[in-house]
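Q: So the sequence shown is numbered by the numbering used here: it starts at 38 and just counts up by one. Sharing a structure below in structure tokens format, with a few things to ask.
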Amino acid sequence: MSDEIKKGLAGVVVDYTAISKVNPETNSLLYRGYPVQDLAANLPFEAVALLLWTGDLPTEDELKQFQEFERAHRALDPNVKQAIDLLPTDCHPMDVGRTAVSVLGANHPKAEDSSPEAELEKAKALFAAFPAVVAYDQRRRRGQDVVEPNADLDYSANFLWMTFGEEQPEEVVDAFRVSMVLYAEHSFNASTFTARVITSTLSDLHSAVTGAIGALKGPLHGGANEAVMHTFDEIGIRKEESREDAAGRAKAWMEDALAQKKKIMGFGHRVYKNGDSRVPTMKAALDRMIAHYGRDEMLGLYDGLEAAMGEAKDIKPNLDYPAGPTYHLMGFDTEMFTPIFIASRITGWTAHIMEQRASNALIRPLSEYNGPDQRELPNG
Ligand code: ACO
Numbered sequence: 038m039s040d041e042i043k044k045g046l047a048g049v050v051v052d053y054t055a056i057s058k059v060n061p062e063t064n065s066l067l068y069r070g071y072p073v074q075d076l077a078a079n080l081p082f083e084a085v086a087l088l089l090w091t092g093d094l095p096t097e098d099e100l101k102q103f104q105e106f107e108r109a110h111r112a113l114d115p116n117v118k119q120a121i122d123l124l125p126t127d128c129h130p131m132d133v134g135r136t137a138v139s140v141l142g143a144n145h146p147k148a149e150d151s152s153p154e155a156e157l158e159k160a161k162a163l164f165a166a167f168p169a170v171v172a173y174d175q176r177r178r179r180g181q182d183v184v185e186p187n188a189d190l191d192y193s194a195n196f197l198w199m200t201f202g203e204e205q206p207e208e209v210v211d212a213f214r215v216s217m218v219l220y221a222e223h224s225f226n227a228s229t230f231t232a233r234v235i236t237s238t239l240s241d242l243h244s245a246v247t248g249a250i251g252a253l254k255g256p257l258h259g260g261a262n263e264a265v266m267h268t269f270d271e272i273g274i275r276k277e278e279s280r281e282d283a284a285g286r287a288k289a290w291m292e293d294a295l296a297q298k299k300k301i302m303g304f305g306h307r308v309y310k311n312g313d314s315r316v317p318t319m320k321a322a323l324d325r326m327i328a329h330y331g332r333d334e335m336l337g338l339y340d341g342l343e344a345a346m347g348e349a350k351d352i353k354p355n356l357d358y359p360a361g362p363t364y365h366l367m368g369f370d371t372e373m374f375t376p377i378f379i380a381s382r383i384t385g386w387t388a389h390i391m392e393q394r395a396s397n398a399l400i401r402p403l404s405e406y407n408g409p410d411q412r413e414l415p416n417g
């Protein structure tokens, strides 16, 4: 392979961004200059969304105004409900999310308006509308009906309310909020890059987000949070099992999986080689959920897998590893985990769409041909 070919674009810097900085050397991640851990510790997700879009933390008034907008736009759109109802309840929920964004785009009065004002308005509307899609899809798979939004609750609390039809304890809402902040943005990852490629052709915002959802679905990217739970299921979750016993079984499973040269989902990262900067914050949220639900055996499985992977290959967990079991404990079905990731990453994607639009160049790399030499069609 020619030295010029960078398979997977590994190590290639393709553009500037002012939205986030991933620094694998210092194991840090900044959104618009602020450490993500500090944002997760202190801010509602709505404030982080505004930060990503506008570049600055909102004033109290700006945040209040946006929270009112979000409350006014969070009910399940009837067109979207109709479209979702056409889809089988056993299709992948990422297909539902992708379809919903397409329908929202086709119905948005400013769908083709790419002015900065219209783009921001569409980003905010998508942010507000998407939780109802996840919540309804989760419910219909359980044979349940739509739960109308609760105007007394903020974004995170209402997301859980619309999903489970009950207000959740404060610590559960908080762990969910933390996950939303951590999943929001991560520079030129595969789905964000997809959104930027689509935007670079001067296509519209909803098309770019729809494409990004397709990229996020794969298990090498967002689909890993779901895949992590499949690993836990394969090992077997035994409520009431001691932490030590669960860790022992997890360790044995990992040794066997690695001996078979399996890729272990939730471990490794293209950029971070010494651990994902978001993991400690998400792991702390998982620990709080394990304590809240009294599920020590989950910690055993978690620690057992992590330790065995560390010993065998020195590969560290990524954000999907603690996020998967956290959503499981909250009561989400496994296949709903990646759609939750969409709800969060809509913020980062749309911030990048606006940034790409502001200084656009068509993204069109080259390839080196290695097919047959020029030849002639057979006679006749
Ligand atoms: N399990 C087993 N081995 C692994 C893993 C893993 N999860 N990750 C990396 N390795 C090994 C590879 O087999 C390879 O070994 P080799 O050199 O002996 O062939 C070496 O480590 C390098 O791995 P690559 O896949 O080449 O590294 P790359 O940077 O391309 O991959 C990736 C990064 C795709 C994330 C990889 O670590 C992976 O597949 N992980 C599992 C999927 C996952 O968790 N994705 C979520 C990403 S984070 C996010 O989306 C929030």
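All C-beta atoms in this analysis are idealised placements derived from N, C-alpha and C, irrespective of residue type, glycine included.
At the level of alpha carbons, what is the spacing between L399 and S228?
A: 17 Å
Q: Look at R382 and G260 and say whether their C-beta atoms are less than 9 Å apart.
A: Using a Cβ distance threshold of 9 Å, R382 and G260 do not count as a contacting pair.
Q: Pull up the CB-CB distance for D114 and L141, whole angstroms please, since I reckon it's below 8 Å.
A: About 6 Å separates the two Cβ atoms, so the contact holds.
Q: Of all the options K288, D333, W198 and T268, which has the alpha carbon lying nearest to the alpha carbon of E278?
A: Of the candidates K288, D333, W198 and T268, D333 places its Cα closest to the Cα of E278.
Q: Decide if N144 is buried, meaning its Cβ has at least 16 other Cβ atoms within 10 Å, or exposed.
A: When all chains shown are included, N144 counts as exposed.
Q: For F106, which beta-bridge partners are listed by DSSP?
A: Its beta-bridge partners do not exist; DSSP assigns none.
Q: Which of helix, strand or coil does DSSP assign to K299?
A: coil
Q: Is any heavy atom in ligand 1 found nearer than 8 Å to the beta carbon of N226?
A: yes
Q: Within 10 angstroms of its Cβ, does R275 collect 16 or more other Cβ (buried), or is it exposed?
A: exposed
Q: Can you tell me where the beta strand (DSSP E) holding L66 begins and where it ends?
A: S65 to Y68
Q: How long is the line joining the alpha carbons of Q74 and R315, rounded to whole angstroms?
A: Near 7 Å, if we compare the C-alpha coordinates of R315 and Q74.
Q: From the DSSP output, in three-state form, read off V316 for me.
A: helix
Q: Across which residues does DSSP place D168 in a beta bridge pair?
A: It is worth fixing the name first, because residue 168 is Pro in this sequence and not Asp. BP columns for P168 are empty, so no partner.
Q: For A249 versus P256, is the C-beta distance shorter than 9 Å?
A: no
Q: Rank A162, I379 and P168 by C-alpha distance to the C-alpha of F106 and give the top, closest one.
A: A162
Q: Measuring alpha carbon to alpha carbon, tell me which of S151, L100, K118 and T236 ends up nearest D191.
A: L100
Q: Going by beta carbon distance, what residues of the same chain come within less than 6 Å of K350, once the five residues before and after it are set aside?
A: none
Q: Where do the ends of the beta strand (DSSP E) carrying S228 lie?
A: First-last for S228: A227 to S237, but that is the alpha helix (DSSP H), not the beta strand (DSSP E).
Q: May I have the straight-line CA-CA distance separating A47 from R307, to the nearest angstrom?
A: So the alpha carbons of these two residues sit roughly 8 Å apart.
Q: If you compare alpha carbons, which of Y406, N60 and Q393 is closest to I235?
A: It is Q393.
Q: Can you tell which of G331, H223 and D270 has its C-alpha closest to the C-alpha of G385?
A: G385 has its Cα closest to that of H223, out of G331, H223 and D270.
Q: What did DSSP end up calling F369 once you bin it into helix, strand or coil?
A: Three-state result, F369: coil.
Q: Using DSSP's beta-bridge definition, name the partner residues of F196.
A: F196 is not bridged to any residue.
Q: What three-state label does DSSP hand N60 in the structure shown?
A: strand
Q: Which class does P72 belong to by DSSP, given the choice of helix, strand or coil?
A: strand
Q: Given this structure, state the Cα-to-Cα distance separating A395 from R401, to the nearest angstrom.
A: 18 Å
Q: Rounded to a whole number of angstroms, what is the C-alpha to C-alpha distance between T61 and L67?
A: Here residue 61 turns out to be Pro, not Thr, going by the sequence shown. About 11 Å.
Q: Measuring only from the beta carbon, is L257 closer than 8 Å to any heavy atom that is part of ligand 1?
A: yes
Q: Considering Cα atoms alone, identify which of A120, I42 and L356 is closest to M217.
A: L356
Q: Please list the terminal residues of the continuous alpha helix (DSSP H) segment that includes F269.
A: A261 to I272
Q: Can you tell me where the alpha helix (DSSP H) with K254 in it begins and where it stops?
A: L242 to K254
Q: Who are the Cβ neighbours of A388 in its own chain at under 8 Å, not counting the five residues just before and after it?
A: I56, L89, W90, A160 and E222
Q: Check P354 in the structure and name its three-state DSSP category.
A: strand
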